[in-house]
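Take a look at the structure below.
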Amino acid sequence: MHAIELRHLRYFVATTEHGSLRKAAAALGVQESTVSRAVRDLEDRLGASLFHRHIGGVDLTIGGERFLYRVRIALQQIGSGIQDVAAIGCCENGCLRVGIFSSLASGFLAELLQAYDKSHPGVRIDLSDGNPDEHVAAIRQRALDVAFVTGTRDWSECETVTLWLERVFAALPKGHTLTRKEELDWSDLAGESFVVSNVAPGPELHDYLVQRLADLGHRPEINPQQVGRDNILSLVAAGRGMTLTSEATTVAQFPGVAYRPIAGEVLPFCAVWSPRNDNPALRRLLSMARSMSNGTVARWLGSTH
Numbered sequence: 094m095h096a097i098e099l100r101h102l103r104y105f106v107a108t109t110e111h112g113s114l115r116k117a118a119a120a121l122g123v124q125e126s127t128v129s130r131a132v133r134d135l136e137d138r139l140g141a142s143l144f145h146r147h148i149g150g151v152d153l154t155i156g157g158e159r160f161l162y163r164v165r166i167a168l169q170q171i172g173s174g175i176q177d178v179a180a181i182g183c184c185e186n187g188c189l190r191v192g193i194f195s196s197l198a199s200g201f202l203a204e205l206l207q208a209y210d211k212s213h214p215g216v217r218i219d220l221s222d223g224n225p226d227e228h229v230a231a232i233r234q235r236a237l238d239v240a241f242v243t244g245t246r247d248w249s250e251c252e253t254v255t256l257w258l259e260r261v262f263a264a265l266p267k268g269h270t271l272t273r274k275e276e277l278d279w280s281d282l283a284g285e286s287f288v289v290s291n292v293a294p295g296p297e298l299h300d301y302l303v304q305r306l307a308d309l310g311h312r313p314e315i316n317p318q319q320v321g322r323d324n325i326l327s328l329v330a331a332g333r334g335m336t337l338t339s340e341a342t343t344v345a346q347f348p349g350v351a352y353r354p355i356a357g358e359v360l361p362f363c364a365v366w367s368p369r370n371d372n373p374a375l376r377r378l379l380s381m382a383r384s385m386s387n388g389t390v391a392r393w394l395g396s397t398h
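Residue numbering for the sequence shown follows the working numbering, starting at 94 and increasing by one per position.
Shown next as structure tokens:
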């Protein structure tokens, strides 16, 4: 049974449909002897006759009738499998698991995912919030296909490419005196208190603030809170402190909150993925991301070295 090949089944079905070895051969574009030999081989390997042969052609035996029913199901399943795999390869369907560390309110990532949805509407995109370490661990375990994170760090067992830049903004209460300025310096923030979340990207913001203000000789007052990003902004609006955010989030205006850019402060964002990941949908996404990225990133990276 294991020696039966797909061609045996195809020739058998064609002979059945045309009622003749000669007509089946003509339809398949092969010699009649090729079809005859394949059908005979199939019968030998099954140990049963599939056709009654006569001058006018062939008729199915009882065994042939039963075998035909099963063969048609098998060929249909094989055909469906081929179509499914081809569709995945062409990104007509499939799934992408994406880790995000940036807002989807606006900016490069939002535009990239919108463009990808338009080009590949059959691919489902599952999004996961988290910090870079969590995302990269998931990528190594093939639980995520790609993550978009801040920084230009090299991650072991992964490939990275820097794709876009975002300015850093301070989010502060609308009545705060610093809202009178169009742009802030770190020295403006030296005496201020801050609120950050205990969940991503809160811990990263904490370290970022400490590093920047320590350069000025200040230790910032930072109050971690067990709430998400939206509730952090509610605390800012209530006057409990200010926080930092990336440029993409500022398009979503929040009642009682004003945004001011910090002079010269820019965050690079990169894609991280496993080189062992062969998901065609991932390759299409990375190709599109590279096309959408521009020379600004390259110029910025060059200026920092």
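The C-beta atom is built at its ideal place from N, Cα and C for all residues, glycine as well.
Proximity to residue i [Cα-Cα], best of the options
{"i": "residue 237", "options": "275, 249, 189", "result": "189"}
{"i": "residue 269", "options": "260, 258, 281", "result": "281"}
{"i": "residue 252", "options": "126, 242, 372, 368", "result": "368"}
{"i": "residue 155", "options": "165, 166, 141, 164", "result": "141"}
{"i": "residue 378", "options": "211, 116, 145", "result": "211"}
{"i": "residue 97", "options": "289, 164, 318", "result": "164"}
{"i": "residue 130", "options": "384, 119, 335, 114", "result": "114"}
{"i": "residue 372", "options": "103, 120, 168, 218", "result": "218"}
{"i": "residue 101", "options": "136, 290, 224", "result": "136"}
{"i": "residue 324", "options": "347, 315, 341, 175", "result": "347"}
{"i": "residue 370", "options": "326, 239, 171, 301", "result": "239"}
{"i": "residue 284", "options": "300, 297, 315, 249", "result": "315"}
{"i": "residue 227", "options": "134, 297, 162, 209", "result": "297"}
Pairwise C-alpha distance: residue j and residue i
{"i": "residue 234", "j": "residue 192", "result": "13 Å"}
{"i": "residue 184", "j": "residue 213", "result": "Model confidence at residue 184 stands at a pLDDT of 49, short of 50, so the residue's coordinates are unreliable; what they give is reported in the following sentence. Roughly 6 Å between the two C-alpha positions."}
{"i": "residue 375", "j": "residue 366", "result": "9 Å"}
{"i": "residue 145", "j": "residue 173", "result": "32 Å"}
{"i": "residue 332", "j": "residue 203", "result": "30 Å"}
{"i": "residue 398", "j": "residue 261", "result": "Unreliable placement is indicated for residue 398, whose pLDDT of 47 sits below 50; no coordinate value is reported for it."}
{"i": "residue 152", "j": "residue 109", "result": "7 Å"}
{"i": "residue 94", "j": "residue 215", "result": "Its pLDDT being 49, under 50, residue 94 is placed unreliably in this model, and the value from its coordinates should be taken loosely. Their Cα atoms are separated by approximately 38 Å."}
{"i": "residue 105", "j": "residue 138", "result": "13 Å"}
{"i": "residue 343", "j": "residue 274", "result": "17 Å"}
{"i": "residue 263", "j": "residue 232", "result": "31 Å"}
{"i": "residue 290", "j": "residue 207", "result": "28 Å"}
{"i": "residue 160", "j": "residue 143", "result": "8 Å"}
{"i": "residue 380", "j": "residue 187", "result": "17 Å"}
{"i": "residue 205", "j": "residue 223", "result": "19 Å"}
{"i": "residue 319", "j": "residue 328", "result": "12 Å"}
{"i": "residue 341", "j": "residue 278", "result": "20 Å"}
{"i": "residue 385", "j": "residue 99", "result": "45 Å"}
{"i": "residue 127", "j": "residue 209", "result": "48 Å"}
{"i": "residue 168", "j": "residue 200", "result": "48 Å"}
{"i": "residue 171", "j": "residue 301", "result": "55 Å"}
Residue i at chain C interface by Cβ criterion, 7 Å
{"i": "residue 202", "result": "The displayed structure is made up of one protein chain only, and chain C is not part of it."}
Short Cβ contact (7 Å threshold) for residue i with residue j
{"i": "residue 364", "j": "residue 256", "result": "yes"}
{"i": "residue 150", "j": "residue 112", "result": "yes"}
{"i": "residue 339", "j": "residue 259", "result": "yes"}
{"i": "residue 267", "j": "residue 351", "result": "yes"}
{"i": "residue 361", "j": "residue 272", "result": "no"}
{"i": "residue 349", "j": "residue 330", "result": "yes"}
{"i": "residue 120", "j": "residue 107", "result": "yes"}
{"i": "residue 123", "j": "residue 194", "result": "no"}
{"i": "residue 286", "j": "residue 334", "result": "yes"}
Per DSSP, the bridge partner or partners of residue i
{"i": "residue 151", "result": "146"}
{"i": "residue 88", "result": "Residue coverage of the chain in this structure runs from 94 to 398, which leaves residue 88 outside it and unanswerable."}
{"i": "residue 38", "result": "Because the chain in this structure spans residues 94 to 398, residue 38 falls outside the shown range and cannot be described."}
{"i": "residue 255", "result": "363"}
{"i": "residue 187", "result": "216"}
{"i": "residue 314", "result": "286"}
{"i": "residue 355", "result": "277"}
{"i": "residue 239", "result": "191, 366"}
{"i": "residue 266", "result": "350"}
{"i": "residue 335", "result": "287"}
{"i": "residue 261", "result": "339"}
CB-CB length for residue i against residue j, believed under 8 Å
{"i": "residue 336", "j": "residue 303", "result": "At roughly 14 Å, the Cβ-Cβ gap does not stay under 8 Å, so residue 336 and residue 303 are not in contact."}
{"i": "residue 306", "j": "residue 313", "result": "5 Å"}
{"i": "residue 229", "j": "residue 383", "result": "Actually they do not touch by this definition, with Cβ atoms about 20 Å apart."}
{"i": "residue 421", "j": "residue 265", "result": "The structure shown has nothing for residue 421, since the chain only spans 94 to 398."}
heavy atom of the ligand SAM below 6 Å from residue i C-beta
{"i": "residue 261", "result": "The ligand SAM is not part of this structure, which contains no ligands at all."}
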